[in-house]
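Peer 1: Below is the structure I would like to discuss, written out as structure tokens.
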Amino acid sequence: MNIFDSHCHLDDPSFESDFKDVLHRAAAAEVYRMLVVGTDRNTSDRAVALAKGHSNLFASVGVHPHDARSCTEETLAHLMTLASDPKVVAWGETGLDFNRMHSSRKDQERWLIRQLEVAETLDLPLIFHERDSQGRLLEILKARTCRPAVIHCFSGTEAELARYLEMGFYIGVTGIVTVSQRGALLRQMVPSIPANRLLIETDAPYLTPTPQRNQFRRNEPAFVREVLLKVAEVREEDPEALAEQVWFNTCSLFRIDPSTI
Ligand SMILES: [Zn+2]
Ligand SMILES: [Zn+2]
Numbered sequence: 000m001n002i003f004d005s006h007c008h009l010d011d012p013s014f015e016s017d018f019k020d021v022l023h024r025a026a027a028a029e030v031y032r033m034l035v036v037g038t039d040r041n042t043s044d045r046a047v048a049l050a051k052g053h054s055n056l057f058a059s060v061g062v063h064p065h066d067a068r069s070c071t072e073e074t075l076a077h078l079m080t081l082a083s084d085p086k087v088v089a090w091g092e093t094g095l096d097f098n099r100m101h102s103s104r105k106d107q108e109r110w111l112i113r114q115l116e117v118a119e120t121l122d123l124p125l126i127f128h129e130r131d132s133q134g135r136l137l138e139i140l141k142a143r144t145c146r147p148a149v150i151h152c153f154s155g156t157e158a159e160l161a162r163y164l165e166m167g168f169y170i171g172v173t174g175i176v177t178v179s180q181r182g183a184l185l186r187q188m189v190p191s192i193p194a195n196r197l198l199i200e201t202d203a204p205y206l207t208p209t210p211q212r213n214q215f216r217r218n219e220p221a222f223v224r225e226v227l228l229k230v231a232e233v234r235e236e237d238p239e240a241l242a243e244q245v246w247f248n249t250c251s252l253f254r255i256d257p258s259t260i
């Protein structure tokens with residue numbers, strides 16, 4: 000089967016020493032494509048460099064809500080230049096995170112809105128990060144024409160899921176779905192995500208799934224296979240058919256040719 004890890008941070012320093020092995024293990028697990036997601040100027044630079052060097056890696060550029068406080072118009076201008084590379088297939092991750100508050104609410108909202116404008120100008124799909132925004136992300140998006148997007152690492156309520164789907168968004172499911180306690184609510188909601196709106200992701204090096212989390216601290220794209228298997232189990236679907244559907248969804252959202260040679 001063909002598995003696509005739609006969200007990982009392979010630019011993370013923790014992958015420096017064994018990067019080639021990480022890619023080999025991904026291929027061995029049939030994870031043939033990965034999207035390396037930028038979170039600020041530096042990580043976006045690195046994501047694009049990695050994508051340019053590897054045919055099976057793609058990149059996005061953007062400023063994470065945690066990094067909103069250091070964002071400037073100059074940062075966005077730099078990212079816009081980076082985005083002209085054909086391996087850049089999305090803008091993000093951007094959004095709102097009122098859980099950790101690494102940046103003020105004011106900064107987060109200001110730079111989210113600017114990034115929505117930039118994505119519109121560049122005609123790129125968006126990757127949204129949302130945590131505990133109490134409906135504020137939806138409120139901001141509803142007030143604007145919304146571009147194709149994924150709510151990555153979906154962790155909302157059933158009502159939020161319904162509203163995201165109404166807006167035409169894709170839903171990104173991480174390894175949280177494999178974790179017994181923490182994933183219980185997500186496992187309940189996964190069957191109600193329409194098959195053509197579902198994406199899977201690792202968010203590596205974070206959120207290592209079960210059973211690997213007992214053994215490895217660092218998550219890596221190969222482990223997205225566990226996410227696929229758990230999602231298939233919960234939805235009572237054939238993993239192979241589900242992998243193909245999710246591959247197609249990911250390629251559709253990011254406008255990547257789904258065919259593999
Ligand atoms: Zn995120
Ligand atoms: Zn991320």
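In this text, residue positions in the sequence shown follow numbering that gives the first Met the number 0: the first is 0, and each later residue adds one.
Idealized CB from N, CA, C, for every residue including glycine.
#1: From Pro85 to Ser251, what distance separates their C-alpha atoms?
#2: According to the Cβ coordinates, are Pro220 and Ala203 closer than 8 Å?
#3: Please confirm if the segment 66 to 77 is in contact with the segment 45 to 52, defined as three or more CB-CB distances below 8 Å between the two stretches.
#4: What residues match up with Phe253 in a beta bridge as DSSP calls it?
#5: So what does DSSP say about Ser191, is it helix, strand or coil?
#6: Could you check if Val145 belongs to the surroundings of ligand 1, using beta carbon to heavy atom distance under 7 Å?
#7: Taking the straight line between their C-alpha atoms, what separation do you get for Ala25 and Ser132?
#8: Whose C-beta lies closer than 6 Å to the C-beta of Gln107 among residues of the same chain, with five residues either side of it excluded?
#9: Kindly indicate the opening and closing residues of the alpha helix (DSSP H) around Leu22.
#10: Taking the continuous beta strand (DSSP E) assigned at Ile112, which residues delimit it?
#11: From the DSSP output, in three-state form, read off Arg217 for me.
#12: Whole angstroms is fine: what's the gap from Thr207's alpha carbon to Asn1's?
#13: Beta-carbon distances below 6 Å to any heavy atom of ligand 2 define the shell here; list its residues in chain order, please.
#14: Is Cys70 near ligand 1, judged by its Cβ being under 7 Å from some heavy atom?
#15: What residues in its chain sit with their C-beta under 7 Å from that of Arg162, if we drop five residues either side in the sequence?
#16: Going by Cα to Cα distance, which pick from Asp237, Ser154, Phe168 is closest to Arg146?
#17: DSSP state of Thr93, grouped into three classes?
#18: According to DSSP, Asp4 sits in a beta bridge with which residue or residues?
#19: What are the start and end residues of each continuous alpha helix (DSSP H) run of 4 or more residues lying completely inside the segment 129 to 216, in chain order?
#20: So the alpha helix (DSSP H) Val233 belongs to, where does it begin and stop?
#21: Is Ile170 closer than 8 Å to Ile150 when the C-beta atoms are compared?
#22: For Ala242, I'd like the list of residues in its chain whose CB is within less than 7 Å of its CB, leaving aside the five on either flank, ordered along the chain.
#23: Considering only the alpha carbon of each residue, which of Thr259, Gly91, Ile175, Ala194 lies closest to Glu236?
#24: Expressed to the nearest angstrom, what Euclidean distance is found between the alpha-carbon atoms of Arg212 and Thr259?
Peer 2: Judging by the given coordinates:
#1: Cα to Cα, Pro85 sits roughly 15 Å from Ser251.
#2: By the CB criterion at 8 Å, Pro220 and Ala203 fall inside the cutoff.
#3: The answer is no - the segment 45 to 52 does not touch the segment 66 to 77, with fewer than three Cβ pairs under 8 Å.
#4: Paired residues: none, contrary to the question.
#5: Secondary structure of Ser191 (DSSP, three-state): helix.
#6: Sequence inspection shows Cys at residue 145; the Val mentioned does not correspond to that position. For ligand 1, not one heavy atom lies less than 7 Å from the Cβ of Cys145.
#7: Approximately 33 Å, taken between the alpha carbons.
#8: Closer than 6 Å at the Cβ level, and outside the excluded window around Gln107, lie Pro64, Ala67, Leu95.
#9: Note, Leu22: alpha helix (DSSP H), 18 to 27.
#10: It is not in any beta strand (DSSP E) - Ile112 instead sits in the alpha helix (DSSP H) that spans 104 to 121.
#11: Reduced to three states, the DSSP call for Arg217 is coil.
#12: Looking at the two C-alpha atoms, the distance is approximately 21 Å.
#13: Those residues having their beta-carbon less than 6 Å away from any non-hydrogen atom of ligand 2 are, in chain order, His6, His8, Val36, Glu92, Asp202.
#14: Set against 7 Å, the gap from the CB of Cys70 to the closest heavy atom of ligand 1 is not smaller.
#15: Answer for Arg162: Leu137, listed in chain order.
#16: Comparing Cα-Cα distances from Arg146 to each of Asp237, Ser154, Phe168, the minimum goes to Phe168.
#17: Assignment of Thr93 by DSSP, reduced to helix, strand and coil, places it in the strand class.
#18: The secondary-structure analysis by DSSP pairs Asp4 across a beta bridge with Met33.
#19: For the segment 129 to 216, the full-length alpha helix (DSSP H) segments reaching 4 residues or more read 135 to 141, 157 to 165, 183 to 188 along the chain.
#20: For Val233, the enclosing alpha helix (DSSP H) has its first and last residue at 223 to 234.
#21: Yes; because the gap between Cβ atoms is below 8 Å, this pair is in contact.
#22: Excluding its 5 nearest sequence neighbours in each direction, Ala242 has C-beta neighbours in its own chain below 7 Å: Met0, Asn1, Ile2, Leu227, listed in chain order.
#23: For the residues Thr259, Gly91, Ile175, Ala194, the minimum Cα distance to Glu236 belongs to Ala194.
#24: The straight-line gap separating the alpha-carbon atoms of Arg212 and Thr259 is approximately 31 Å.
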